[in-house]
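Everything on this sheet refers to the single structure shown next.
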Amino acid sequence: MTTHQQDLERFYFDYAAGLDEQHYSKWPEYFTQECRYEILSRENVEQNLPAPLMSCYSHGMVVDRVAMLVKNTLTYRRMYHKHFVSNVRVLKENGDQLEASANVLVIQSDLEGVSSLYIVGTYLDLIVTSGNRLLIKNRRVVVDSFGIDNMLAVPV
Amino acid sequence: MTTHQQDLERFYFDYAAGLDEQHYSKWPEYFTQECRYEILSRENVEQNLPAPLMSCYSHGMVVDRVAMLVKNTLTYRRMYHKHFVSNVRVLKENGDQLEASANVLVIQSDLEGVSSLYIVGTYLDLIVTSGNRLLIKNRRVVVDSFGIDNMLAVPV
Amino acid sequence: MTTHQQDLERFYFDYAAGLDEQHYSKWPEYFTQECRYEILSRENVEQNLPAPLMSCYSHGMVVDRVAMLVKNTLTYRRMYHKHFVSNVRVLKENGDQLEASANVLVIQSDLEGVSSLYIVGTYLDLIVTSGNRLLIKNRRVVVDSFGIDNMLAVPV
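Protein chains in written order, with this note's numbering: chain U, 553 to 708; chain R, 553 to 708; chain H, 553 to 708.
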């Protein structure tokens, strides 16, 4: 588990850096061909209500999720983001699959450099090992901060 | 020390997840039978003033601390909490005891999903190894955010 | 790289603790004799504009940076600081030099214990190994939170 821990942390930190640096076209490369990416409110999760805040349930949808960001066809208020990923835990190992979780805090800053809390949540992931690489098969981002006062313009 | 570092981080992350998921009945299990748990303001600590914001100086008090939470007999404004534990350091090793510290940021979110800073502080811990397990013998939570505008309804 | 990762994290956490505990006289000891320490706005960095928010481009300037803090000759509103350093990554190794990055969140708390976001940024570092020690040869702190509503009284 020692190896997985450091590999997993690095995987999460690279993923986070990619988003913070706005390399959105690289984002789908963190997912397996068959994958799911969802943002859910903690309120719904705790009541076993299935409706997500947003959901991609195929790799094509993951690609589509960032297509407009990459092509700059989406008009929205630009913000800087910074991901603080901590409390990384391997919860279960099963052959080439890992169940893992981490807490994620995303701070947004506007173009005047004024910062505020944006996302407070937990990643609940199913990760697969593919050769030397880790890939996300299933990511559920459960957010405490579901009263988000901005549109979810960019991935978490 | 390498082993201790990862074990200690995992211990802290499990402890944090237990609180975030509101498994309060499990909280006393992180402490030794003879233990102390205190929340102190940084203001008092820096002036060597002993008064804590709250203190449990026996395991029974630790159990009592969460008894009302477990039994739902305490009425208070429900909040979600998320612990971000970082900067984990083993400061000293002495036989089966470790002195350790970590920084802790707790973000609270109300039932409408609006998030704010709740606790900003440092854990100053005396940890003992008991078989394969780590247990807290003494936890001092020194908080910078002692101007807490909520009651300390739940443990940190 | 495994060793470097834990050593580097510990180096960052010790550095952070030194600042949080206001041991400013120790701060220059984290730097090599020939060194650079800069705080830059993300706005400027992304446009390749060179002006920093503050810059020390010699060890003497680093010493000078904290001299007034150490001697208590500077009058400013005292604040507590707490560094949350996460997402630590070794980006490149080259002999005894490491390129590394980490995300840094600094929360400030005033003397009444009211906390707020202070610095949200990324360390971009050139670290050298000197015997058993790590030292900073070049630190660029790129801040998203460049609309800082306080003077940069203390180092980051």
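By construction, the Cβ of each residue, glycine as well, lies at the ideal position given by its N, Cα and C atoms.
Residue burial classification, Asp648 of chain H (beta-carbon count within 10 angstroms, cutoff 16): Position 96 of the third sequence, counting from 1, holds the residue named residue 648 of chain H. With fewer than 16 other Cβ atoms within 10 Å, it is exposed.
- prompt: So is Phe563 of chain H in contact with chain U if we call contact Cβ pairs under 8 Å?
  reply: What you label residue 563 of chain H is simply residue 11 of the third sequence in a count that begins at 1. Judged by the 8 Å Cβ criterion, Phe563 of chain H is not in contact with chain U.
- prompt: Looking at chain U, which residues of the stretch 585-602 of chain H have a Cβ within less than 8 Å of any of its Cβ atoms?
  reply: Of all residues in the stretch 585-602 of chain H, the ones placed with a Cβ closer than 8 Å to any Cβ belonging to chain U are Ser593, Arg594 and Glu595, in chain order.
Residues near Met553 of chain H in its chain [Cβ-Cβ closer than 8 Å; skip 5 each side]: Translated into positions along the third sequence, residue 553 of chain H becomes position 1. Low confidence applies here, because Met553 of chain H scores a pLDDT of 43, under 50, leaving its location unreliable; read the following figure in that light. Apart from sequence neighbours up to five positions away, the residues of its chain that approach Met553 of chain H with a beta-carbon distance below 8 Å are Val642 and Glu645, ordered along the chain.
- prompt: Which whole-angstrom value is the C-beta distance of Leu571 of chain H and Trp579 of chain H, which I expect to be below 8 Å?
  reply: Within the third sequence, the letter at position 19 stands for residue 571 of chain H. Within the third sequence, the letter at position 27 stands for residue 579 of chain H. Contact flag correct, Cβ pair sits at about 7 Å.
task: Would you give the residue range spanned by the beta strand (DSSP E) that Arg630 of chain U belongs to?
output: Here residue 630 of chain U is taken as the residue at index 78 of the first sequence, counted from 1. In the DSSP assignment, Arg630 of chain U falls outside any beta strand (DSSP E) and carries neither an H nor an E.
- request: Provide the residue span of the beta strand (DSSP E) that contains Asn596 of chain U, from first to last.
  value: Your numbering for residue 596 of chain U matches position 44 in the first sequence. The continuous stretches of beta strand (DSSP E) do not include Asn596 of chain U, which lies in the alpha helix (DSSP H) extending over residues Arg594 to Glu598.
- prompt: Is Ala568 of chain U helix, strand or coil by DSSP?
  reply: Locating residue 568 of chain U in the first sequence gives position 16, counting from the first residue. DSSP places Ala568 of chain U in helix when its eight states are reduced to three.
- request: From the DSSP output, in three-state form, read off Val666 of chain H for me.
  value: Position 114 of the third sequence holds residue 666 of chain H. Val666 of chain H falls in the coil class under three-state DSSP.
query: So with Cβ pairs under 8 Å, would you call Lys634 of chain U a contact of chain H?
result: On the first sequence, residue 634 of chain U is found 82 positions in, with the first residue counted as 1. Taking Cβ atoms only, chain H reaches closer than 8 Å to Lys634 of chain U, which makes this a yes.
task: Under 8 Å between beta-carbons, which chain R residues line up against Arg641 of chain U? List them in chain order, please.
output: Here the question's residue 641 of chain U lines up with position 89 in the first sequence. The answer, in chain order, is Arg562, Phe565, Asp566 and Ala569.
message: For the structure I just gave you, are there three or more beta carbon pairs, one from the stretch 681-699 of chain R and one from the stretch 670-680 of chain H, closer than 8 Å?
response: In this structure the stretch 681-699 of chain R does not touch the stretch 670-680 of chain H; the number of beta carbon pairs closer than 8 Å is below three.
field: CB of Thr666 of chain R within 8 Å of CB of Gly699 of chain U, strictly
entry: If you number the second sequence from 1, residue 666 of chain R lands on position 114. If you number the first sequence from 1, residue 699 of chain U lands on position 147. Sequence check: residue 666 of chain R is Val here, not Thr. Going by beta carbons, Val666 of chain R and Gly699 of chain U fall inside the 8 Å limit.
- prompt: Given Val614 of chain U, which residues of its chain have a CB within under 8 Å of its CB, disregarding the five upstream and five downstream residues?
  reply: Counted from its first residue, the first sequence places residue 614 of chain U at position 62. If we look at Val614 of chain U and ignore the five residues flanking it on each side, its Cβ neighbours are Trp579, Pro580, Phe583, Cys587, Tyr589 and Cys608.
message: Let me see if you follow: with CB-CB separation under 8 Å, is Asp696 of chain H close to chain U or not?
response: As a first step, residue 696 of chain H is located in the third sequence; it is residue number 144 there, counting from the start. At least one chain U Cβ lies under 8 Å of Asp696 of chain H.
- request: Would you verify that the beta carbon of Gly665 of chain U is, or is not, closer than 8 Å to some beta carbon of chain H?
  value: Residue mapping note: residue 665 of chain U aligns to position 113 of the first sequence, counting from 1. Chain H contact via Cβ: present.
field: the stretch 651-664 of chain H: positions lying closer than 7 Å to chain U by Cβ
entry: Listed by position, the residues of the stretch 651-664 of chain H near chain U (Cβ gap below 7 Å) are Asn655 and Leu657.
- request: Examine chain R for any beta-carbon lying closer than 8 Å to the beta-carbon of Val693 of chain U, and answer yes or no.
  value: Working through the first sequence from its first residue, we reach residue 693 of chain U at position 141. With 8 Å as the cut-off, Val693 of chain U does not count as an interface residue toward chain R.
- prompt: So what's Met613 of chain U in DSSP terms, helix, strand or just coil?
  reply: In the first sequence, the residue the question calls residue 613 of chain U occupies position 61. Met613 of chain U: helix per DSSP, three-state reduction.
message: Taking 7 Å as the limit between beta carbons, can you name the residues of its chain near Arg617 of chain R, skipping five residues before and five after?
response: Counting from one through the second sequence, the residue named residue 617 of chain R turns up at place 65. If you ignore the 5 residues before and after Arg617 of chain R, its C-beta comes within less than 7 Å of the C-beta of Cys608 and Pro707, all in its own chain and listed in chain order.
- request: Give me the Cα-Cα distance between Arg562 of chain R and Asn639 of chain U, rounded to the nearest whole angstrom.
  value: Translated into the one-based positions of the second sequence, residue 562 of chain R becomes position 10. Translated into the one-based positions of the first sequence, residue 639 of chain U becomes position 87. Their backbone Cα atoms lie some 8 Å apart in a straight line.
message: Whole angstroms are fine: how far does the CA of Leu621 of chain R sit from the CA of Tyr576 of chain R?
response: Within the second sequence, the letter at position 24 stands for residue 576 of chain R. Within the second sequence, the letter at position 69 stands for residue 621 of chain R. Looking at the two C-alpha atoms, the distance is approximately 7 Å.
- prompt: So which residues on chain R does Ser638 of chain H lean against when the C-beta distance must stay under 9 Å?
  reply: Residue 638 of chain H sits at position 86 when you count from the first residue of the third sequence. Contacts between Ser638 of chain H and chain R, judged by CB atoms closer than 9 Å, involve Phe636, Ser638 and Asn639 in chain order.
- prompt: So, is the C-beta of Val672 of chain U closer than 8 Å to a C-beta in chain R?
  reply: Counting from one through the first sequence, the residue named residue 672 of chain U turns up at place 120. Yes, Val672 of chain U lies at the interface with chain R (some Cβ there is under 8 Å from its Cβ).
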